[in-house]
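Student:
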Amino acid sequence: MISVAIVSPKRSLEPINKVIESYDFGCEFHKYIYNELSDIDWIYEDCKDRCDVIFFSGELGYHYIHNHIPNIAIPCAFTAYGTKDILGILLNFCIEHPEIPLNRVFVDFLTPLNHFMDVQRYIDPKNMPYFYEDKIYNYKRITARTQELWDAGKIDLVISRSINNLKALDELKIPYLAVFPSAIMIQESIEAAVKELRLSQAEEMDHLVVILRLPMERSCNGEEREYREATLHKLLVDFRRDNGMDFLITAGFGRFELQTQAPIQTISVERIQRLVRYLQEHLNFPFRIGAGLNLSGDRSHYYAEVALLEALKYGGNDGFLVSGDNAEMTGPLSATHAVTYSYENQNAVSFAKNCGINQTNLLKLVGLFQLNESAHLTAASVGKLLNVTSRSANRILQQLLEAQLIHEISISGPNKKGRPTRTYGFSAESFRKRLL
Numbered sequence: 011m012i013s014v015a016i017v018s019p020k021r022s023l024e025p026i027n028k029v030i031e032s033y034d035f036g037c038e039f040h041k042y043i044y045n046e047l048s049d050i051d052w053i054y055e056d057c058k059d060r061c062d063v064i065f066f067s068g069e070l071g072y073h074y075i076h077n078h079i080p081n082i083a084i085p086c087a088f089t090a091y092g093t094k095d096i097l098g099i100l101l102n103f104c105i106e107h108p109e110i111p112l113n114r115v116f117v118d119f120l121t122p123l124n125h126f127m128d129v130q131r132y133i134d135p136k137n138m139p140y141f142y143e144d145k146i147y148n149y150k151r152i153t154a155r156t157q158e159l160w161d162a163g164k165i166d167l168v169i170s171r172s173i174n175n176l177k178a179l180d181e182l183k184i185p186y187l188a189v190f191p192s193a194i195m196i197q198e199s200i201e202a203a204v205k206e207l208r209l210s211q212a213e214e215m216d217h218l219v220v221i222l223r224l225p226m227e228r229s230c231n232g233e234e235r236e237y238r239e240a241t242l243h244k245l246l247v248d249f250r251r252d253n254g255m256d257f258l259i260t261a262g263f264g265r266f267e268l269q270t271q272a273p274i275q276t277i278s279v280e281r282i283q284r285l286v287r288y289l290q291e292h293l294n295f296p297f298r299i300g301a302g303l304n305l306s307g308d309r310s311h312y313y314a315e316v317a318l319l320e321a322l323k324y325g326g327n328d329g330f331l332v333s334g335d336n337a338e339m340t341g342p343l344s345a346t347h348a349v350t351y352s353y354e355n356q357n358a359v360s361f362a363k364n365c366g367i368n369q370t371n372l373l374k375l376v377g378l379f380q381l382n383e384s385a386h387l388t389a390a391s392v393g394k395l396l397n398v399t400s401r402s403a404n405r406i407l408q409q410l411l412e413a414q415l416i417h418e419i420s421i422s423g424p425n426k427k428g429r430p431t432r433t434y435g436f437s438a439e440s441f442r443k444r445l446l
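Here it is, written out as structure tokens:
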């Protein structure tokens, strides 16, 4: 069970105790009270070997431990106020104390460390309260700044979260309003700290989403559609069983979605290629596949949709994969050596636009270059990679030749159409300099 150390001034511990008693967080709590910030030194030594996380009632303790104890062994968190919470406190103050202008109030917990909670965006400068502007945040400096503003006649009241510092304000006879976080704020902050710890302890998992779409011709009637969907579903079930794979199959209208999770970096491209080739072998009607792989399930879904669009543009019975933080595209997946490319490659995209080459086709050739700089290029091999005719492939090769990005290696005897077969190679230095 997760063990949480609650570290707080005595008065601030009371509302935390009520929340702990009211909600089941699925963890055990050890409570510590500090009177001076320096007490946190011994508290840390006492709890570091028996607690999984330290939860402070406020920012002062949190910042103290990070500034005074190097190489903290366990994560720390605190009850966090949001901008809406701060604005709510100020609004309630204005309603309950209309006799005190807001610009004559010192809020001692709005600091550079929390960027003043962006309050400046919502309050007119002429009505702005005073903030604590020193980057060193402790009781002594808070008290000194409070007294400075009071003695200068600039404030009439302090709104404070520094509960252990209220005695100093009493001694200075400076009026104050002590604020405490609400029960829901405490609950959400503890839940967030425990959730973050659990996530950090859990093994990272990759999410794989594969979308299979069945393009239907206009002549395809309802009976044929039903046959194709049933056939594909059975093939997917057979593939899952025969390959010992574990993925969820969800059927939609003219499409299927496969989902699975596995420890990070254990899902290989070859695993998805096996599915593509299996369907190529067993299906006698059109299909397109888009796969997405990422640590985030939502990002994996988005990647799969992007990859499916690429497969639809490609036009053949094949698939593409989008993966990684940079959304790299890999495909067509039926190829023995599938190329990987990215639409973030602005050099290649700009060159394609200027030369009138389809950017997807050029990016695939860039991917081939990155895979094998010594690859030999012919109209037939390029046509197969790009799913274009040999004539279109020849046109692309000629444009790259004119741009000195490739060079001619050899000319062999006439092919079936009576034309010589020209073989090209990448001009590596020029290609890399201009397209990468």
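The working numbering puts the first residue of the sequence shown at 11, with every later residue one more than the last. Yeah, the Cβ is synthetic: ideal placement off N, Cα and C, and Gly gets one too. No experiment lies behind these values; they were computed from the predicted model shown.
1. Note down, one range per segment and in chain order, each alpha helix (DSSP H) of at least 4 residues found wholly within the segment 206–272.
2. Please classify residue 268 as buried or exposed, where buried requires at least 16 other C-beta atoms within 10 Å of its C-beta.
3. With distances taken Cα to Cα, identify the nearest neighbour of residue 113 among 75, 266, 159, 272.
4. Name the two residues that bound the continuous alpha helix (DSSP H) containing residue 379.
5. Going by alpha carbons, who is nearest to residue 153 out of 177, 139, 24, 441?
6. So, is residue 320 buried or exposed, given that buried needs 16 or more other C-beta atoms within 10 angstroms?
7. Using alpha carbons as the reference points, say which of 374, 403, 264, 129 lies closest to residue 99.
8. Measure the C-alpha to C-alpha separation of residue 25 and residue 64 and round it to an integer number of angstroms.
9. Residue 215 to residue 273, Cα distance in whole Å?
10. With respect to the beta strand (DSSP E) encompassing residue 15, which residues constitute its N-terminal and C-terminal limits?
11. Given residue 445, which residues of its chain have a CB within under 8 Å of its CB, disregarding the five upstream and five downstream residues?
12. Within a Cβ cutoff of 6 Å, which residues of the same chain sit near residue 149, ignoring the five residues on either side of it in sequence?
13. Output the residue ranges of the beta strand (DSSP E) runs that lie fully inside the segment 149–202 and measure 3 residues or longer, sorted by chain position.
14. With residue 139 and residue 117 assumed to form a contact (beta carbons below 8 Å), what rounded beta-carbon distance in angstroms separates them?
15. Please state the DSSP three-state secondary structure of residue 78.
16. Are the segment 193–202 and the segment 288–308 touching by the rule of at least three beta carbon pairs closer than 8 Å?
17. Look up residue 361 in the DSSP assignment and give the residues it is bridged to.
18. Would you mind reading off the limits of the alpha helix (DSSP H) that contains residue 37?
19. For the alpha helix (DSSP H) that contains residue 404, what are its first and last residues?
20. For residue 421, which residues does DSSP report across the bridge?
21. If you reduce the DSSP assignment to three classes, tell me which class residue 326 lands in.
22. Relative to the C-alpha of residue 184, which candidate in 168, 348, 290, 349 has its C-alpha closest?
23. From residue 437 to residue 311, what distance separates their C-alpha atoms?
Tutor: The answer reads as follows:
1. 232–252
2. buried
3. 159
4. 369–381
5. Among 177, 139, 24, 441, the Cα nearest to that of residue 153 is on 177.
6. buried
7. It is 129 whose Cα lies nearest to the Cα of residue 99.
8. 17 Å
9. When rounded, the separation of the alpha-carbon atoms in residue 215 and residue 273 is 4 Å.
10. Element bounds for residue 15: 12–18.
11. 355, 357, 358, 361, 372, 376, 379, 415
12. Contacts found: 175.
13. Listed in chain order, they are 167–170, 186–188.
14. Confirmed, Cβ separation roughly 5 Å.
15. Here residue 78 sits in helix by DSSP.
16. No, the segment 193–202 is not in contact with the segment 288–308.
17. DSSP output for residue 361 lists no bridge partner at all.
18. No alpha helix (DSSP H) contains residue 37, which is instead part of the beta strand (DSSP E) from 37–43.
19. 400–412
20. 432
21. coil
22. 168
23. Rounded to whole angstroms, residue 437 and residue 311 show a C-alpha spacing of 38 Å.
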